[in-house]
Amino acid sequence: MSVFYLGPTLASLVFSFTDYPIIATPRWAGLKNYRTLLHDPAFLTSLKVTALYTVCALALYVVAGLALALLCNRRVPGIGLVRTIVFLPSLIPVFVMAFLWGWLLNTDFGLVNFLLNALGLPSQGFFQSESQALWLTVVVSFWTLGSAFIVYLAGLQSVPHDLYEAVTVDGGGALRKFWHVTLPMISPIILFNLVIGMILSFQVFDIAWALTKGGPGDSTLFLVLFIWRTAFEQFDMGYASALAWVLFLVIVGITALVFRTARYWVHYESAVR
Amino acid sequence: MLFPFYYLVWLSIAKDGSEFNFPPGFLPHPTHPGTIVSALAGRADQSGTVVHYFVNSLQYAGLATLGCLIMQCLVGYGFARFRFPGRNLLFSLTIAMMMMPFVVTLIPRFLFFAHLGLTDSLWPLIIPWWFGGSPYGIFLMRQFFMSLPRELDEAARVDGLNHWQILWRILVPQAIPVLVSLGILEFVYFWNDLLGPLIYTQSDGSQPISLGIFTQGTGSTFTISYPRFMAIALVMIAPVALMFLGLQRQFRRGFLTSGLGGR
């Protein structure tokens, strides 16, 4: 473990304080990289874009994942097939999904624009439009929520039945059951999906790499994409390491924040864990 | 949910060039299997063919998953059953690694493997997993081993088994559903991995199918052949989908028993 995690982690921390164009040896530069990034408009844009994407994609991941799991958590014939159908698309690589949507939403030849025209609406720029591209990457991310879905489903199935029966005895309806039994019982799982989903969303790369390369303008310049460019196109390893560390600290900070709020809304059945 | 999937299949059996037809279609039409056949043509020992990419992917995903599963059993067992100084600190560090963006370790790792002269191969993507597996997997295996009663170990020790035998003969067979679930998730992750190969492989001969397809898809609207692209994508998705469908029951059971569902 330590060879491939701890070592590189410490190394990248050290690099982040150096001038390190890949051909030369690193030279100590103190806080220079960190000072630069505070004034780097590209970095600030990528931070904003990544944050926007994370908020929206995460909401979709956590809420729509739960909604689908609730719908599929009933005993009706054929439900196994429905569950499989919901989960299966998440086996498709994200970048293939991205290419597929890229073609469907192609400005000139895409099916969607054709249908819009048929309805008498004007063609849209979609991925060629600075104001639409980011939101469309969120749409593409919808097809990755299978992993959240399946974790929710496992959680829903482990909610004890007698709790539901107790609500029925007290004359409570479906809404009461959801609010007073389901939600508290699966709150640890919501927390789990929230944290995992957030960590993943902050590192979004494939969608942008396949579809937009960060454009148009810098409207989909996600942080990891920006780091990638800095490291492997401009070969500025020092600055890239500093950027990576900032991303790491942002993720750790927000995760810590989420865990702090957890005690107010996450319910643990047994105190002993 | 399934519409993109449908459209993918539809495109992959469309005639090359017919994606520009007007009006754009999406209903069933006379199929043209020629696209798939021509996309797949080529031999395994020839670099740049789909079959060759496929073999590379199998090697990458197979070896990396195997390494992960073996190491996660070992490390998870260690955390679950042994007391040693610094254990809790080490475990907290492992959990912290889950939050670590891969880009943090990316650059030093790349430089490390470049010094070893191992770039332009998939080995830099396989070797690290043989040194501990993924933090997520370690966490899951530890939780699972902790849920097994210690009396099981005690009984085995009375029968004269050592730690190594206890792990592989007593505990691991109990963990099969969990290992299957974890194995599927990890295999899919490696199989679909794009960024890793993008960094380490340059020549056709060493690239996996994810990158092989990706290269097909880059270019301007008119130079990309979407039917061809989607035909290869279909070949890429098929084994993973079949694996999932075949092991679905085990997969579900693994999720329910791993502590993931019950937490």
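Chains A and B, in that order, give the protein sequences. When we follow the numbering used here, the leftmost residue of the first sequence carries the number 43, and every step to the right adds one. When we follow the numbering used here, the leftmost residue of the second sequence carries the number -6, and every step to the right adds one. Don't be surprised by glycine CBs; every beta carbon is placed ideally from N, CA and C.
- Contact between residue 279/A and residue 137/A does not hold, since their C-beta atoms are separated by about 26 Å, which reaches or exceeds 8 Å.
- At a cut-off of 8 Å between beta-carbon atoms, residue 297/A makes contact with chain B.
- Within chain A, the residues whose beta carbon sits less than 8 Å from that of residue 181/B are 133, listed in sequence order.
- With its beta carbon at least 8 Å from every one in chain B, residue 170/A lies outside the interface.
- The Cβ atoms of residue 195/A and residue 114/A lie closer than 8 Å to each other.
- A distance of 8 Å or more separates the beta carbons of residue 297/A and residue 134/B.
- Looking at the backbone, the Cα of residue 129/A and that of residue 233/A are separated by about 20 Å.
- Around residue 219/A, the same chain offers 206, 209 as residues with beta carbons nearer than 7 Å, after the five sequence neighbours per side are excluded.
- Comparing C-alpha distances from residue 181/B to each of 170/B, 81/B, 233/B shows the shortest one belongs to 233/B.
- Between the segment 220 to 239 of chain B and the segment 137 to 151 of chain A there are three or more inter-stretch CB-CB distances shorter than 8 Å, so the stretches are counted as touching.
- Boundaries of the alpha helix (DSSP H) around residue 137/B: 128 to 140.
- Taking all protein chains shown into account, residue 69/B has 16 or more neighbouring C-beta atoms within 10 Å of its C-beta and is therefore buried.
- Distances from the CA of residue 51/A to each of 137/B, 67/B, 97/B were compared; the closest alpha carbon is that of 97/B.
- A direct Cα-to-Cα measurement between residue 243/B and residue 55/A gives close to 42 Å.
- A residue is called buried when at least 16 other Cβ atoms come within 10 angstroms of its Cβ; residue 137/B meets this threshold and is buried.
- For residue 206/B, a Cβ of chain A is located within less than 8 Å of the residue's own Cβ.
- In the same chain as residue 188/B, and ignoring 5 residues on each side of it, the C-beta atoms closer than 8 Å to its own belong to 95, in chain order.
- For the C-beta of residue 196/B, not a single chain A residue is nearer than 7 Å; the gap to the nearest is close to 17 Å.
- Listed along the chain, the chain B residues whose CB falls inside 8 Å of the CB of residue 221/A amount to none; the nearest CB is some 21 Å away.
- As far as DSSP is concerned, residue 307/A takes part in no beta bridge.
- Leaving aside the five residues that flank residue 256/A on each side, the residues in its chain whose CB is nearer than 7 Å to its CB run, in chain order, 250, 262, 263, 267.
- By the beta-carbon neighbour count (other beta carbons within 10 angstroms, threshold 16), residue 121/B is buried.
- Neighbours of residue 273/A in chain B, taken as residues at a C-beta separation under 7 Å, are given in chain order as 100.
- Counting the other Cβ atoms within 10 Å of the Cβ of residue 85/B gives fewer than 16, which makes it exposed.
- Excluding its 5 nearest sequence neighbours in each direction, residue 49/B has C-beta neighbours in its own chain below 6 Å: 201, listed in chain order.
- Taking C-beta atoms under 8 Å as the contact rule, residue 269/A and residue 286/A qualify, at a distance of about 6 Å.
- Residue contact check for residue 204/A against chain B: no CB pair falls below 8 Å.
- Taking a C-beta distance under 8 Å as the contact criterion, residue 309/A and residue 226/A qualify as a contact pair.
- The C-alpha of residue 248/A lies about 26 Å from the C-alpha of residue 109/A.
- Between residue 127/B and residue 61/B, the C-beta gap is smaller than 8 Å, which places the two residues in contact.
- Just so you know, the alpha carbons of residue 116/A and residue 103/A end up roughly 21 Å apart.
- Close CB contacts of residue 90/B within its chain, under the 6 Å cut and outside five residues either way in sequence, are with 128 (chain order).
- Each of 83/A, 79/A, 67/A, 73/A was checked against the Cα of residue 259/A, and the nearest Cα belongs to 83/A.
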